[in-house]
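Student: Residue numbers (our numbering), protein chains in the order written: chain A, 58 to 374; chain B, 124 to 486.
1. Assuming contact is defined by CB atoms lying nearer than 8 angstroms, are residue 180 of chain A and residue 256 of chain A in contact in what I supplied?
2. Given this structure, state the Cα-to-Cα distance separating residue 193 of chain A from residue 453 of chain B, to the nearest angstrom.
3. Taking DSSP's pairing of strands, which residues face residue 224 of chain B in a bridge?
4. Please compile the residues from chain A whose C-beta is within a distance smaller than 7 angstroms of the C-beta of residue 447 of chain B.
5. Following the continuous alpha helix (DSSP H) through residue 464 of chain B, name the residue where it begins and the one where it ends.
6. Is it true that the stretch 326-346 of chain B meets the stretch 412-422 of chain B, where meeting means three or more beta-carbon pairs spaced less than 8 angstroms apart?
7. On the criterion of 16 or more Cβ atoms from any shown chain inside 10 Å, does residue 48 of chain A qualify as buried, or is it exposed?
8. DSSP on residue 72 of chain A, reduced to helix/strand/coil?
9. For residue 259 of chain B, count neighbouring C-beta atoms within 10 Å of its own C-beta (all shown protein chains included) and say buried if the count is 16 or more, exposed if not.
10. Who are the neighbours of residue 263 of chain B on chain D, taking C-beta pairs under 9 angstroms?
11. If contact is defined by three or more beta carbon pairs under 8 angstroms, each pair taking one atom from either stretch, is the stretch 146-153 of chain A in contact with the stretch 339-351 of chain A?
12. Using beta-carbon positions only, say whether residue 330 of chain A and residue 420 of chain B come within less than 8 angstroms of one another.
13. Output the distance between the C-alpha atoms of residue 221 of chain B and residue 280 of chain B, rounded to the nearest integer angstrom.
14. Helix, strand or coil, according to DSSP, for residue 367 of chain A in the structure here?
15. So the alpha helix (DSSP H) residue 265 of chain B belongs to, where does it begin and stop?
16. Counting contacts by CB-CB distance shorter than 8 angstroms, is residue 348 of chain A in contact with chain B?
17. From this set, B:284, B:289, B:250, B:366, which residue's C-alpha is nearest residue 431 of chain B's C-alpha?
18. Hey, is residue 450 of chain B's beta-carbon within less than 8 angstroms of any beta-carbon in chain A?
19. In the DSSP assignment, find the unbroken alpha helix (DSSP H) run with residue 374 of chain B in it and report its ends.
20. Could you run through the stretch 462-475 of chain B and flag, in chain order, every residue whose CB is less than 9 angstroms away from some CB of chain A?
21. Three or more beta-carbon pairs under 8 angstroms between the stretch 311-319 of chain A and the stretch 264-280 of chain A, yes or no?
22. Check each residue of the stretch 67-80 of chain A: if its Cβ is closer than 7 angstroms to any Cβ of chain B, include it; give the result in chain order.
23. Under 9 angstroms, CB to CB, which of the residues in the stretch 308-319 of chain B have a partner in chain A?
24. Report the start-end ranges of each alpha helix (DSSP H) in the stretch 276-301 of chain A that is 4 residues or longer and not cut off at the edges.
25. Could you check the C-alpha separation between residue 429 of chain A and residue 242 of chain A for me, to the nearest Å?
26. Check distances from the C-beta atoms of the stretch 306-320 of chain A to those of chain B and list, in chain order, the residues that come in under 9 angstroms.
27. How many angstroms separate the CA atom of residue 407 of chain B from the CA atom of residue 109 of chain A?
28. Quick one: is residue 164 of chain B buried, meaning 16 or more other Cβ sit within 10 Å of its Cβ, or exposed?
29. Does residue 362 of chain B get closer than 8 angstroms to chain A when you measure Cβ to Cβ?
30. 8 angstroms is my cut-off, CB to CB: does residue 332 of chain B come that close to chain A?
31. At a CB distance below 8 angstroms, what residues from the stretch 185-200 of chain A approach chain B? Give them in sequence order.
32. Buried or exposed for residue 234 of chain B, please, with buried defined as at least 16 other CB atoms from any protein chain shown within 10 angstroms of its CB.
33. Could you please give me the residues that DSSP links to residue 139 of chain A through a beta bridge?
34. Taking 8 angstroms as the CB-CB limit, is residue 442 of chain B close to chain A?
35. Inspect the beta-carbon positions of residue 226 of chain A and residue 321 of chain A and report whether they are closer than 8 angstroms.
36. Against residue 209 of chain A, what residues of chain B qualify as contacts under a CB-to-CB distance less than 8 angstroms, listed in chain order?
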């Protein structure tokens, strides 16, 4: 199968998933307790005439499938309406919070690779030795530490006790030096568990590659151990790290929801929690749908990258 | 330097026993001796027993297999430590406060012991926000409640949510995964596309959405974690069932006219369920973490409940005032439990599938 054909087929598989995700997001309005109109007026008492007008305006008097299609049409052009609680445009609210979350996520992702990949290599090369055992313990600790607790402890030690960082984000633009300095602790908090996962993955993938016949060949023809590991084994084992990048997006989003709360970071995760607390359903829908679409697209990109890096995968299906 | 005559003493491949009748018979494919083709020095006994389950002689029964798993699990020191941590935390939370059932005017005390010195919900048993002392080993929180008692009792919420949510998720995921893999066709498509779609939502985000819809409370948190938890079991079991359904013994059962339902329940699922058990064990840790995260975000149990995550929700403001003890101890409790569960899960992985000792699965 050619790459283009594979890409097309893989992209088509995402379409029903995306449609399903929109359907689930759409259903929030109906699954939430109370009449959808309550959600739209922010649970205020309203005049019946106003209510009728709102029903007509939001197509609530039409059949469910028609409402879904109309909603979908709006969503496709990123039109989520206005929040009944704050009265602000939902899409603009989300857009305002998006850069902060992306900055945090990218920083944590970079940290997880910077720590996880080298540590995994060291563990795999020294299989069964002290380094390997240490990496195992570190990975377990990283996975078992609740991220919100780690964040609180870091905030206490470096913010309250030592006073090296502020305990709330500075009132500065995102790209400023103060903001970057403040971002250090949230990045560590969010990146720790991710780094642990990358390290274990890197270690096991490298172990597998080291047992392959081509490694024996490379050693037998007299290549130095360095060349064998860094030129041959590393390249092949990195593919495994690429394949989990999609999973990592979901993992980091989950973590960001909590970490942003700990550090009062003005991102989407905090917006989601605030919106749930205020029962601001359109904002919840917007954030959740945006997250779902990002995860689906990330998985699509990962699969395509995988197909480019490892052509065998294209013939497997 | 080679020896002139062949030896059976050392070397990577042992050739002893090659002339025995049983080995000769195995060449004809009639009966295969339960001896691994090669073994490392030092643990020949292990290697001999740990052949793949499907290569075993049929006389090896299920009890023997479970005993093998238990023996391998026990010999793994890390797993034993993990098991001890988990068991210890379970015992502590059971014996933290007396358990009473009252029905029809009668109160029956099931468990009379009380490890916790104070009622976890009672305020002002000590000064507000006091640090650790002999009277209050973990200090007191802002309302003057004893943090030590609250951490002990908090285990009941966290651990029971973890156990119940995973058990219920298995009850949903295992049948759906088994049916998808065994029946195939449009049933498979429908179930797996649903799983794919729900996988588009990250675990915690979906749980938050469900809590947003259902509201707070113990059973709503459990429901949220079940709604997100069954996906991985269904996907994993389907894959296993697909490969098991190809086996000869399934064909044989079909040829004997055994109903599909019986084949699936008695022959396919029991052989496919091992990885799901490992996954479920590891997931208890994830579920406890997620429940605590929900509690921390204020979306879990009612505020003020002595649940580990909910206790941390008020911890931020306490930390800012320098009261570290309110936050640190519930966090350590969560950490210990999740660590224990992960050690047990890793031990189970090795015990259920000895081959994975070399390629330990990455979660």
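Just so it is clear, CB atoms sit at the ideal spot from N, CA and C, and this is done for glycine as well.
Since we're looking at a predicted model, the values are computed, not measured.
Tutor: Let's see:
1. yes
2. 24 angstroms
3. B:231
4. 213
5. 448-475
6. yes
7. Beyond the ends of chain A as shown, which are 58 and 374, falls residue 48 of chain A; an answer cannot be given.
8. helix
9. buried
10. Note that chain D does not occur in the displayed structure, where the protein chains are A and B.
11. yes
12. yes
13. 15 angstroms
14. coil
15. That residue, residue 265 of chain B, is in no alpha helix (DSSP H); it is neither H nor E in DSSP.
16. yes
17. B:284
18. yes
19. 371-378
20. 462, 463, 464, 465, 466, 469
21. no
22. 73, 74, 77, 78
23. 316, 317, 319
24. 291-300
25. No answer is possible for residue 429 of chain A: it lies beyond the span of chain A, which begins at 58 and ends at 374.
26. 306, 307, 308, 309, 310, 311, 312, 314, 315, 318, 319
27. 48 angstroms
28. In this predicted model, residue 164 of chain B has a pLDDT of only 44, less than 50, meaning its place in the structure is not dependable; the value taken from the coordinates is given anyway. Flag for residue 164 of chain B reads exposed.
29. no
30. yes
31. 197, 198, 200
32. exposed
33. A:146
34. yes
35. yes
36. 435, 438, 439, 442, 450, 454
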